[in-house]
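Q: Starting off with a structure, shown below.
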């Protein structure tokens, strides 16, 4: 039996990627008080919010995108042992492309 | 005599599903400060909010859907001994499908 | 001489129904921190708010409906010895139908 | 010389009616924490607010109406010894009709 | 050399009229906690705010009007020794007409 | 090498004019708790914000205008030794014309 | 392997330019309590937010622009050792042109 999460509105389900706090050769120290984002992969994407006429606003991200998001955004859920996050698209900061 | 609840606007009536805090073989400890959602089944669905022209915005969930919602969202009501919740659709995070 | 209250905008006049805190055979203890709603009967209904073009948005409740509303919503008024409440329709949670 | 007040926007000028806190035969004690409204008569009515296209939204109350309003709403002014209130129409709760 | 102030948006320039706190024969004591308004004469009127399509919303007051406004509203400026106030039209409560 | 600042949206770049706190013959004492505005000259003007359809809303001030603005509004920047301010047009109170 | 950041909505990726706090010949002391902005170069620009009809609102800045922004705005990210910022266009104050 497998579980499928269909996010509502402009929400996405994201699997966070743990980032090493310690880089090769040294310790990363926070240099500023600014919020640092977290990285993750999008597992599923909602249908989008509705505009004032009830029409769907298309989503700008898709399944499989690697994204950055604010560290404390969203709601955490554990599905089959995996820690996932449900976030609104507006909480996503950028898509990360690796070439 | 049976009681029927017709939620108003974009509200839904949800019967929460109690989730075991303790999983097989161990204790689940909260790993982060993030809010954890709760699961429930939708018993009835309101007609939807009205847009700026007074037309109904269709609802994205239906009776019988299993949904996730923030743990402290909504208003609790006891109907014939059952603890139910009245929530706005915007407080619902995702539909859970089990295959 | 009788008094008639015509609520303005999307307001309704509600006569609250006192609910027994104690059920047959025992004491109901609050199990959660969630807000519990109150029940009442609608005595009169306002004409509805106006949309951005000045047209009335129709009301979803009518005189005689039994409704649930948040316990501390609205403004209390005493008319001919009866304790009534003036509430906005958006403060109403659901219509209760008994069959 | 007499003074005439022309309220602006959706404002009204109201002359409050003092209500006896003490009823015949006893003292009224506040039973709940809910806000109690005050009664008054409308002396003059503004032209109404403008909608997004600059057109006037008609007022729902008129000169001479007896209305209920929240006790601490509005701005007090003393005109020729009389204590009057300038209120927005949205602060009015209901029209009181006595038959 | 004379100074001319052209208020921007829906702002007006008002010269406040000092009101005697003490009336003939006695001292006026504040009877309630409600805010008391101040009187003034409009010296100049802005072009009005723009609606959502960029068109001007006409102003409801004109140069020379005597108006009431909340005591602590606006920004004070001293022009050629005179204490003036720059207020938004929405801070004006009513026009005072004396016949 | 000279620096040119092109403000974004409805922002303007203003060079503040220092005003003497002390007038001829005496000391100006603050008489009220009201905010006092500051004077400045507009050095450059942004293209204007966009309305809901993406069209520019024209600016009401132009390069060279002497304007009043709230004392603590805006962001300060030092360009070639000169202290300048970047303000939104909505923070400007009035244009000062001297004849 | 190189990383490419595609900002979402009206966001931009900015590489901050460190500014010397100490100028030639002396120490710059903060003269006012006003917020001082920071300078940076835009590395990439999002597609723009959507208006109420779902259409893109064009961006006013482009890759390569030198911009000013509030010192504590945005989210910091480290990409290949470089400290970058993800900001909304509305947090940008002005474009700096050097001639």
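Chains as they are written, first to last, in the UniProt record's numbering: chain A, 1 to 99; chain B, 1 to 99; chain C, 1 to 99; chain D, 1 to 99; chain E, 1 to 99; chain F, 1 to 99; chain G, 1 to 99. Even glycine gets a Cβ: it sits at the ideal position worked out from N, Cα and C.
(1) Check this for me: beta carbons of residue 61 of chain E and residue 93 of chain E, under 9 Å apart or not?
(2) Between the segment 70-79 of chain F and the segment 2-18 of chain G, do at least 3 Cβ pairs fall closer than 8 Å?
(3) Are any of the Cβ atoms in chain B nearer than 9 Å to that of residue 45 of chain A?
(4) Return no unless some Cβ of chain G is closer than 9 Å to the Cβ of residue 62 of chain A.
(5) I want to verify the contact list: residues of chain C whose CB lies under 7 Å from the CB of residue 90 of chain B, in sequence order.
(6) In the structure shown, what three-state DSSP assignment does residue 90 of chain B receive?
(7) For residue 15 of chain A, which residues of its own chain have a beta-carbon under 7 Å away from its beta-carbon, when the five flanking residues on both sides are left out?
(8) Does DSSP put residue 46 of chain F in a helix, in a strand, or in coil?
(9) Mind pulling the chain E residues with CB within less than 7 Å of residue 65 of chain D?
(10) Quick check on the burial criterion: 16 or more other C-beta atoms within 10 angstroms. Buried or exposed for residue 28 of chain E?
(11) Find the nearest neighbour of residue 12 of chain C within the set C:89, C:98, C:96 and C:70, judged by alpha-carbon distance.
(12) Output, in chain order, the set of chain C residues within a Cβ distance shorter than 8 Å of residue 52 of chain D.
(13) I'd like the list of long-range same chain contacts for residue 49 of chain B, defined as Cβ closer than 7 Å, with 5 residues on each side in sequence excluded.
(14) If we cut at 9 Å on Cβ distances, does residue 96 of chain C have a partner in chain B?
(15) Taking only three categories from DSSP, how would you classify residue 96 of chain F?
(16) Thinking just about the alpha-carbon of each residue, which of D:45, D:55 and D:64 is nearest to the one in residue 17 of chain D?
(17) For chain G, check one thing: does any of its Cβ atoms lie closer than 9 Å to the Cβ of residue 93 of chain F?
(18) Are any of the Cβ atoms in chain C nearer than 9 Å to that of residue 39 of chain B?
(19) How is the beta strand (DSSP E) around residue 11 of chain B delimited, first residue to last?
(20) Does residue 5 of chain D come out as helix, strand or coil in the three-state DSSP assignment?
(21) With respect to the beta strand (DSSP E) encompassing residue 77 of chain G, which residues constitute its N-terminal and C-terminal limits?
(22) Between A:47, A:45, A:52 and A:86, which has its C-alpha nearest residue 70 of chain A's C-alpha?
(23) Counting only the same chain and skipping the five closest in sequence on each side, list residues whose C-beta sits under 7 Å from that of residue 97 of chain E.
(24) Could you have a look at residue 58 of chain G and say whether DSSP puts it in helix, strand or coil?
(25) Using DSSP with H/G/I as helix, E/B as strand and the rest coil, what is residue 40 of chain D?
(26) Closer than 9 Å, CB to CB, is residue 7 of chain D near chain C or not?
(27) Cβ closer than 7 Å: which chain E residues qualify as neighbours of residue 70 of chain F?
(28) Strictly below 7 Å CB to CB, what residues from chain E border residue 57 of chain F?
(29) Taking 9 Å as the CB-CB limit, is residue 86 of chain B close to chain C?
(30) Roughly how many whole angstroms lie between the Cα atoms of residue 52 of chain B and residue 52 of chain D?
(31) Taking only the alpha-carbon atoms, compute the straight-line gap between residue 47 of chain A and residue 59 of chain A and give it to the nearest angstrom.
(32) By the criterion of Cβ-Cβ separation under 9 Å, what are the contact partners of residue 3 of chain F in chain G?
(33) List the residues of chain E that residue 13 of chain D touches, going by C-beta distances under 8 Å, in chain order.
A: To lay it out plainly:
(1) Not a contact, by the Cβ cut-off of 9 Å.
(2) No, they do not touch.
(3) Under the Cβ criterion of 9 Å, residue 45 of chain A is not counted among the residues facing chain B.
(4) Chain G contact via Cβ: absent.
(5) The premise fails here: residue 90 of chain B is roughly 14 Å from chain C at the closest Cβ pair, so nothing lies under 7 Å.
(6) Helix, per DSSP.
(7) Cβ-Cβ distances below 7 Å link residue 15 of chain A to 40, 41, 43, 82 and 84 in the same chain, with the five nearest sequence neighbours on each side left out; the list follows chain order.
(8) DSSP, read as helix, strand or coil, puts residue 46 of chain F in coil.
(9) Within 7 Å Cβ-Cβ: nothing; residue 65 of chain D doesn't reach chain E, min ~18 Å.
(10) For residue 28 of chain E, the predicted model reports a pLDDT of 45, less than 50, meaning its position is unreliable and no value from the coordinates is stated.
(11) Considering only alpha carbons, the answer is C:89.
(12) Within chain C, the residues placing a beta-carbon under 8 Å from that of residue 52 of chain D are 52, ordered along the chain.
(13) The beta carbon of residue 49 of chain B sits closer than 7 Å to those of 9, 10 and 57, all from its chain and outside the five residues before and after it, given in chain order.
(14) Closer than 9 Å to some Cβ of chain B, the Cβ of residue 96 of chain C qualifies, so yes.
(15) Reduced to three states, the DSSP call for residue 96 of chain F is strand.
(16) Closest option to residue 17 of chain D, Cα to Cα, is D:64.
(17) Contact of residue 93 of chain F with chain G is not assigned, every C-beta pair being separated by 9 Å or more.
(18) Not one chain C Cβ lies under 9 Å of residue 39 of chain B.
(19) For residue 11 of chain B, the uninterrupted beta strand (DSSP E) segment begins and ends at 11-17.
(20) In the structure shown, residue 5 of chain D sits in a strand (DSSP, three-state: E or B).
(21) First-last of the beta strand (DSSP E) with residue 77 of chain G: 75-79.
(22) Cα-wise, what sits closest to residue 70 of chain A is A:86.
(23) Answer for residue 97 of chain E: no residue qualifies.
(24) In this structure, residue 58 of chain G counts as coil in the three-state DSSP scheme.
(25) Strand at residue 40 of chain D.
(26) False, the Cβ-Cβ gap to chain C never drops below 9 Å.
(27) In chain order: 75.
(28) For a Cβ distance threshold of 7 Å, residue set 50 and 54 of chain E lies close to residue 57 of chain F, ordered along the chain.
(29) Contacts with chain C at 9 Å (Cβ-Cβ) include residue 86 of chain B.
(30) Cα to Cα, the separation comes out at about 12 Å.
(31) C-alpha separation (whole angstroms): 7 Å.
(32) Against chain G, a Cβ distance below 9 Å from residue 3 of chain F picks out 96, 97, 98 and 99.
(33) Neighbourhood of residue 13 of chain D in chain E, by CB distance below 8 Å: 94, in chain order.
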